[in-house]
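K.L.:
So that we are looking at the same thing, I have put the structure below in structure tokens.
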Amino acid sequence: MTMARILADKGRDVVTTQPHRTLAEVAEVLVTKNIGAVVIVDDHGRIIGILSERDIVRVLTKRGTAVFNDAVSMHMTTNVLTTREDEGVYVAMDRMTNERSRHLPVIRDERLVSLVSIGDMVKHRLAECEYEHKAMRDYIATA
Numbered sequence: 000m001t002m003a004r005i006l007a008d009k010g011r012d013v014v015t016t017q018p019h020r021t022l023a024e025v026a027e028v029l030v031t032k033n034i035g036a037v038v039i040v041d042d043h044g045r046i047i048g049i050l051s052e053r054d055i056v057r058v059l060t061k062r063g064t065a066v067f068n069d070a071v072s073m074h075m076t077t078n079v080l081t082t083r084e085d086e087g088v089y090v091a092m093d094r095m096t097n098e099r100s101r102h103l104p105v106i107r108d109e110r111l112v113s114l115v116s117i118g119d120m121v122k123h124r125l126a127e128c129e130y131e132h133k134a135m136r137d138y139i140a141t142a
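FYI, numbering that gives the first Met the number 0 numbers position 87 of the sequence shown as 86, with every residue one higher than the one before it.
In structure tokens, the structure reads:
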């Protein structure tokens, strides 16, 4: 099973922003869209960073509310873990777990095509377990 299967179920919508936007603007987007992260892209659509709720909380704790006027480029995570549509779901889940990453941009030809969250992965895995469980019950019932 590949990441493309998850994207087929969840869709490919992803919220992006530019590096010059302020932390306050991006925090408002997170709240309005009820999401946990936005991907920061350059003028060509290439990923240059990601800013999550976790990033905002960390910088607020260190520097206080004055950071809300800072550009997101000052506080975004620049070493962005990514995946491809043809990568296996379990491989991607393992990398997310090891890197303690909650969001994984999906790229094709160095361009952003979607974003999956750990919640998307868990939802997929639960559906897969339920399918296997049902198949096993059906098999036992007919044996």
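In this text, a Cβ means the ideal position worked out from N, Cα and C, and glycines have one as well.
Flag this pair as touching only if the stretch 37-44 and the stretch 104-115 have three or more C-beta atom pairs under 8 angstroms; answer yes or no.
P.N.:
Flag = yes, the stretch 37-44 and the stretch 104-115 touch.
K.L.:
Is the Cβ-Cβ distance between GLU86 and MET2 less than 7 angstroms?
P.N.:
Yes, Cβ-Cβ distance for GLU86 and MET2 is below 7 angstroms.
K.L.:
From what residue to what residue does the alpha helix (DSSP H) around GLY118 run?
P.N.:
GLY118 -> alpha helix (DSSP H) spans 117-141.
K.L.:
Report the CB separation of LEU22 from GLU52 in whole angstroms; it is logged as a contact under 8 angstroms.
P.N.:
So it is not a contact: roughly 11 angstroms between Cβ atoms.
K.L.:
Thinking C-beta only, is ILE49 closer than 7 angstroms to VAL13?
P.N.:
No; because the gap between Cβ atoms is not below 7 angstroms, this pair is not in contact.
K.L.:
Pick out the complete alpha helix (DSSP H) segments inside the stretch 20-106, 4 residues or longer, and give them in chain order.
P.N.:
Runs of the alpha helix (DSSP H) inside the stretch 20-106: 22-32, 52-62 and 88-98.
K.L.:
For HIS19, which residues in the same chain have their Cβ closer than 6 angstroms to its Cβ, ignoring the five residues on either side in sequence?
P.N.:
Excluding positions up to five away in sequence, the list reads ALA70.
K.L.:
Per DSSP, which one or two residues make a beta bridge with ARG110?
P.N.:
Its beta-bridge partners are ARG107.
K.L.:
When you compare only the Cα positions, how much space is there between ARG101 and MET120?
P.N.:
If you take the alpha carbons of ARG101 and MET120, they lie about 10 angstroms apart.
K.L.:
Classify VAL90 as buried or exposed, calling it buried when 16 or more other Cβ atoms lie within 10 Å of its own Cβ.
P.N.:
With fewer than 16 other Cβ atoms within 10 Å, it is exposed.
K.L.:
Looking at ARG110 and GLY44, is the spacing between their C-beta atoms short of 7 angstroms?
P.N.:
Their beta carbons are under 7 angstroms apart, which means GLY44 touches ARG110 by this criterion.
K.L.:
For HIS74, I'd like the list of residues in its chain whose CB is within less than 6 angstroms of its CB, leaving aside the five on either flank, ordered along the chain.
P.N.:
Cβ neighbours of HIS74 beyond the five flanking positions: ASP54 and VAL58.
K.L.:
ASP8 lies in the alpha helix (DSSP H); which residues open and close that run?
P.N.:
ASP8 -> alpha helix (DSSP H) spans 2-9.
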